[in-house]
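Since the structure comes first, as structure tokens, the remarks are kept for the end.
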Amino acid sequence: MITIMSRDAQVALLPPRFVIAAPQGRSGKTTVSIAICAALKQRNLAVQPFKKGPDYIDPSWLTAASGRSCHNLDSFSMDEEVIIKSFQRVLKDADVAIIEGAMGLFDGYDISGSGSTAHLAKMLKAPVCLVVNTMRMTHSIAAMVMGYQHFDRDTHIAGIILNNVANSRHEKKLVSAVEQYCEIPILGSIPKDQDVNITERHLGLIPFKESVQATSILNHIKERVIPYLNVDKLLTIARDAQEYFVPESQPAPAKHPVVKIGVLFDRVFNFYYPENLDALRTEGAEIIYINSLKEQELHDIDGLYIGGGFPELFLSELQNNKGLRKKIASAIENGLPVYAECAGLMYLCRGIHWQNKWYAMVGIIPADVEVFKRPQGHGYVEVEVVSENPFFPLGLTFKGHEFHHSRLTNLNGLKFAYRIKRGHGVNNTGDGIFYKNIFASYTHLHALGAPNWAKAFVALILRQKFKNKQPSINKKMMESQKNI
Numbered sequence: 000m001i002t003i004m005s006r007d008a009q010v011a012l013l014p015p016r017f018v019i020a021a022p023q024g025r026s027g028k029t030t031v032s033i034a035i036c037a038a039l040k041q042r043n044l045a046v047q048p049f050k051k052g053p054d055y056i057d058p059s060w061l062t063a064a065s066g067r068s069c070h071n072l073d074s075f076s077m078d079e080e081v082i083i084k085s086f087q088r089v090l091k092d093a094d095v096a097i098i099e100g101a102m103g104l105f106d107g108y109d110i111s112g113s114g115s116t117a118h119l120a121k122m123l124k125a126p127v128c129l130v131v132n133t134m135r136m137t138h139s140i141a142a143m144v145m146g147y148q149h150f151d152r153d154t155h156i157a158g159i160i161l162n163n164v165a166n167s168r169h170e171k172k173l174v175s176a177v178e179q180y181c182e183i184p185i186l187g188s189i190p191k192d193q194d195v196n197i198t199e200r201h202l203g204l205i206p207f208k209e210s211v212q213a214t215s216i217l218n219h220i221k222e223r224v225i226p227y228l229n230v231d232k233l234l235t236i237a238r239d240a241q242e243y244f245v246p247e248s249q250p251a252p253a254k255h256p257v258v259k260i261g262v263l264f265d266r267v268f269n270f271y272y273p274e275n276l277d278a279l280r281t282e283g284a285e286i287i288y289i290n291s292l293k294e295q296e297l298h299d300i301d302g303l304y305i306g307g308g309f310p311e312l313f314l315s316e317l318q319n320n321k322g323l324r325k326k327i328a329s330a331i332e333n334g335l336p337v338y339a340e341c342a343g344l345m346y347l348c349r350g351i352h353w354q355n356k357w358y359a360m361v362g363i364i365p366a367d368v369e370v371f372k373r374p375q376g377h378g379y380v381e382v383e384v385v386s387e388n389p390f391f392p393l394g395l396t397f398k399g400h401e402f403h404h405s406r407l408t409n410l411n412g413l414k415f416a417y418r419i420k421r422g423h424g425v426n427n428t429g430d431g432i433f434y435k436n437i438f439a440s441y442t443h444l445h446a447l448g449a450p451n452w453a454k455a456f457v458a459l460i461l462r463q464k465f466k467n468k469q470p471s472i473n474k475k476m477m478e479s480q481k482n483i
């Protein structure tokens, strides 16, 4: 990373970088991105991965492959200035950045392609490496690639990675077509091999932390994919990225820890953005990780954060850990501040009904959860705060995302902080359940898109700590007065 001084302010030159994109989803972007991260790490390069849009699962694999926390870049919930500042700040000591796209290259949330992978690539002035699924295709690849090249001239497609190549004869036809008609290099040719794909299920890929075979899958991808990538050409493309000077962004110094926040982090609950945890630390929180499947104690904590995940796959284990469920319920009744999203919301309800069975959960939210085969909420969310609550001021509007196959039933007197302007939430009109000092919603937020969230959470915890100390302080004062 090169840093220089200007007359006005300190600016930085973004390091080598490129985007991994595809004509459509399920073309192999994640597998290729994992392999490239691992290949660059093997060369002792500090490779920083990013994922376009809201996503927890792909980043978990990219983090494992690169050895550095993968960060999300989402132009729906973050404005351009925030994205560029975040990108630059994370890259301070990195040698190269890899940004994995989402869906098709030009797929955005409107007809102009806003929020698409191409939009992000142009924002970061990053070249694009296009992964093409070549099954049942030969010379037609040239027409496809040429279409992508000419659709938006400002999107620089710098090379092609062929995926699912049947044999050497198939490869020769593909390469000759691209080189003759498209005049861009082939950066890799990956043979057809179903074993290198990460297992999928009802909500997509399995998170790295959840998979018991994650390490062996990662090693298999390295062995089967890296030999077919031209890493030298990829590095050349990254280093040829357009020069881009941006304002130097310094992270806010973390305050001395003043509160302890427990975070359920295990095979069930593992959907946390690094920026969310960093934001809590910046506001003075010490993070205490708790395993919801194994531990029966809450430890010495002042607040609790329960993120997303797949509780429906661990219902027996969650139900069997009665000790932790009772401790959480008791702590909430005694005022423990809690913030929960999606899986965390489900866990705090009375129970979860799935595959004709019912499993008891924490029981603090008066509602049951039913899990369905089809999504009950999927995509971007926009909410307006319409009820007073301890986390967000009235009238605030912010954006997030949701992806859940469950919905709440048998709701009894629930109060919602959010009015849903876009999305589904709990009941298509409301989300953000609050009771005492807990706040639970289906909406996932990103700290860079809701910058006051961490400050409000820590402030609530501090108020509760002071309130809890008041009785003992008053008691000591009374005792001291008796002795006068």
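Residue 436 in numbering that gives the first Met the number 0 sits at position 437 of the sequence shown; the count goes up by one each step and never skips. We treat Cβ as the ideally placed atom computed from N, Cα and C, and that holds for glycine. Keep in mind the model is a prediction, meaning the values are calculated, not measured.
| query | result |
| --- | --- |
| Cβ shell of residue 201 (< 6 Å), same chain only, five flanking positions each side left out | Low local confidence applies: a pLDDT of 42 at residue 201 is under 50, so the model's placement there is unreliable, with the coordinate-based value given in what follows. There are no such residues. |
| Neighbour-count burial assignment, residue 142, 16 or more Cβ in a 10 Å radius | exposed |
| Alpha-carbon to alpha-carbon, residue 54 and residue 432 | 23 Å |
| Euclidean distance between Cα positions of residue 414 and residue 227 | 55 Å |
| Endpoints, beta strand (DSSP E) assigned at residue 399 | 396-403 |
| Residue 13 - DSSP class collapsed to helix/strand/coil | coil |
| Among 302, 160, 309, the one whose alpha carbon lies nearest that of residue 493 | Outside the shown range of the chain (0 to 483) lies residue 493, about which nothing can therefore be said. |
| Residue span of the alpha helix (DSSP H) that contains residue 373, given as start and end | First-last for residue 373: undefined, no H or E at that position. |
| Outcome for residue 244 when other beta-carbon atoms lying within 10 angstroms are tallied against a minimum of 16 | exposed |
| Where residue 14 falls, given that 16 or more other Cβ within 10 Å makes a residue buried | buried |
| Residue interval of the alpha helix (DSSP H) (run including residue 319) | 314-319 |
| Complete alpha helix (DSSP H) runs within the stretch 18-69 (minimum length 4 residues, chain order) | 28-41, 56-65 |
| 6 Å CB neighbourhood of residue 60 in its chain, flanking five on each side removed | 33, 207 |
| Among 333, 366, 326, 327, nearest to residue 345 - alpha-carbon criterion | 366 |
| Distance CB(residue 283)-CB(residue 310) smaller than 9 Å | no |
| Pick from 122, 177, 183 that is closest to residue 153, judged by C-alpha positions | 122 |
| Residue interval of the beta strand (DSSP E) (run including residue 164) | 156-164 |
| Anticipated Cβ contact below 8 Å, residue 342 with residue 267, distance rounded | 7 Å |
| Nearest-angstrom Cα separation, counted from residue 9 out to residue 87 | 13 Å |
| Own chain residues within Cβ distance below 6 Å of residue 353, not counting five before or after | 311, 370 |
| Limits of the unbroken beta strand (DSSP E) element including residue 132 | 127-132 |
| Candidates 188, 96, 339, 249: closest to residue 238 by CA position | 96 |
| Proximity of residue 320 and residue 291 at Cβ, strictly below 9 Å | yes |
| Span of the alpha helix (DSSP H) around residue 224 | 213-224 |
| Cβ neighbour criterion (16 or more within 10 Å) applied to residue 463 | buried |
| Three-way DSSP call (helix, strand, coil) for residue 273 in this model | helix |
| When 264, 376, 188 are compared against residue 491, the one with the closest alpha-carbon | The structure shown has nothing for residue 491, since the chain only spans 0 to 483. |
| Cut-off 7 Å between Cβ atoms - residues of its own chain near residue 441, not counting five sequence neighbours on either side | 341, 344, 376, 401, 403, 424, 425, 430 |
| Run of the alpha helix (DSSP H) containing residue 80, from where it starts to where it stops | 79-89 |
| Cβ separation of residue 21 and residue 126, assumed to be a contact under 8 Å, to the nearest whole Å | No, residue 21 and residue 126 are not in contact; Cβ-Cβ is about 15 Å, not under 8 Å. |
| Where residue 462 falls: helix, strand or coil (DSSP) | helix |
| Pairwise C-alpha distance: residue 43 and residue 100 | 24 Å |
| Collapsed DSSP secondary structure at residue 389 in the structure displayed | coil |
| Check whether residue 306 and residue 339 have beta carbons under 9 Å apart | yes |
| Cβ-Cβ separation, residue 407 to residue 348 (assumed contact under 8 Å), whole Å | 7 Å |
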